[in-house]
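Data first, discussion second: the structure below is written as structure tokens.
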């Protein structure tokens, strides 16, 4: 995949079949569109192209926006590359770009810059200044400028209207089954392992404390999860706590992963942790012994979930 960091950087000798959007999560709805694009370019006559933006438009246009994203920009690029798209343009989104009218956007970017042959979009796509243009406007522009427009209906996406907003809601509620179903993969966090208070080691549950640099990344609901980690290309199962460690009067939110049958020094390394299942809410225990007893039960519950999932080949 060729990666371009601006619309102006893009170059191709072929006409393009493209789609555009924020693609947060690169979920099953997005993939339906991306699959259609790659199918349309299989003969090599045209090139596939995805236009996306960073920062997310809401971060720029909404004052004090508190939106949290399903993917960091690095994660999104990796997920899009895996779809087989030939060209990805990540354009810097700013207020000046947002003021382009729908016709200016179509004429100067889609037609003149990308040499568009066809655009494939989702059922709810809107574009142009203040997002005032819709599918009917795009079809009219297609007739005027000589390109095709194909719309993917909600019915084609497993009879449900999948959206990044619905996935964010599911994650904030700890509904991993729904979130992961909509994503088409297990939601994951990427971060560096940093030193913590090392309390877990003293009670038989050493943890890797994960620091995520990108503050716009969505951290799911506080609580305990069953997880699968990728550490130095090795897959390891475990359990993870997102929360404030109230039993020991923690003051800031942490992400701590206890990996089963794993005892390697991974400080300062980056690991990827996939969230498979929500076990329980975080709670304050009356003593360290009570906490340890609950962690033992969490481990039993986690292993039962993992073994059942492996038997059914769902993780």
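Numbering (the numbering used here), first residue to last: 34 to 348. C-beta: ideal position from N, C-alpha, C; glycine also. None of these values were measured; they are calculated from a predicted model.
Could you have a look at residue 235 and say whether DSSP puts it in helix, strand or coil?
-> helix
Any idea what DSSP makes of residue 78, helix, strand or coil?
-> coil
Identify whether residue 34 lies in helix, strand or coil by the three-state DSSP scheme.
-> coil
Go through the stretch 294 to 344 residue by residue and report every complete run of the beta strand (DSSP E) that reaches 3 residues or more, in order.
-> 303 to 313
Do the stretch 194 to 204 and the stretch 161 to 178 touch if we need at least three Cβ pairs shorter than 8 Å?
-> no
Alpha helix (DSSP H) runs contained entirely in the stretch 167 to 236, provided each spans 4 or more residues = 168 to 178, 197 to 205, 209 to 216 and 232 to 235
Taking the CB atoms as reference points, tell me whether residue 249 and residue 113 lie closer together than 8 Å.
-> no
Taking the alpha carbon of residue 47 as the point to measure from, which residue in 121, 150 and 85 has its own alpha carbon closest?
-> 150
For the beta strand (DSSP E) that residue 122 lies in, which residues bound it at each end?
-> 120 to 125
What's the gap between the Cα of residue 328 and the Cα of residue 286?
-> 19 Å
Of the residues 144, 155, 117 and 345, which one's Cα is nearest the Cα of residue 54?
-> 155
Chain-order list of residues whose beta-carbon lies under 8 Å from that of residue 148 (same chain, five-residue window excluded) = 45, 47, 48 and 49
Taking only the alpha-carbon atoms, compute the straight-line gap between residue 37 and residue 90 and give it to the nearest angstrom.
-> 19 Å
The beta strand (DSSP E) with residue 63 in it runs from where to where?
-> Here residue 63 belongs to no beta strand (DSSP E); instead the alpha helix (DSSP H) covers 61 to 73.
Simplified DSSP assignment, three categories, for residue 251 = coil
Return yes when the Cβ of residue 308 is within less than 8 Å of the Cβ of residue 220, no when it is not.
-> yes
Between residue 299 and residue 226, is the Cβ-Cβ spacing less than 8 Å?
-> yes
Going by DSSP, which residues form a beta bridge with residue 110?
-> According to DSSP, residue 110 bridges with nothing at all.
With residue 260 and residue 271 assumed to form a contact (beta carbons below 8 Å), what rounded beta-carbon distance in angstroms separates them?
-> 5 Å
Residue range of the unbroken beta strand (DSSP E) whose run includes residue 270 | 267 to 276
Excluding the five sequence neighbours on either side, which residues of its own chain have a C-beta within less than 7 Å of the C-beta of residue 281, listed in chain order?
-> 232
Going by alpha carbons, who is nearest to residue 230 out of 203, 284, 199 and 186?
-> 284
Compare the C-alpha of residue 236 against each of 320, 206 and 305 and name the closest.
-> 320
Beta-carbon proximity list for residue 111, same chain, < 8 Å, skipping 5 on both sides | none
Count the other CB atoms, across all protein chains shown, that sit within 10 Å of the CB of residue 81; report buried if there are 16 or more and exposed otherwise.
-> buried
Pick out whichever of 98, 268, 317 and 297 has its Cα sitting closest to the Cα of residue 305.
-> 268
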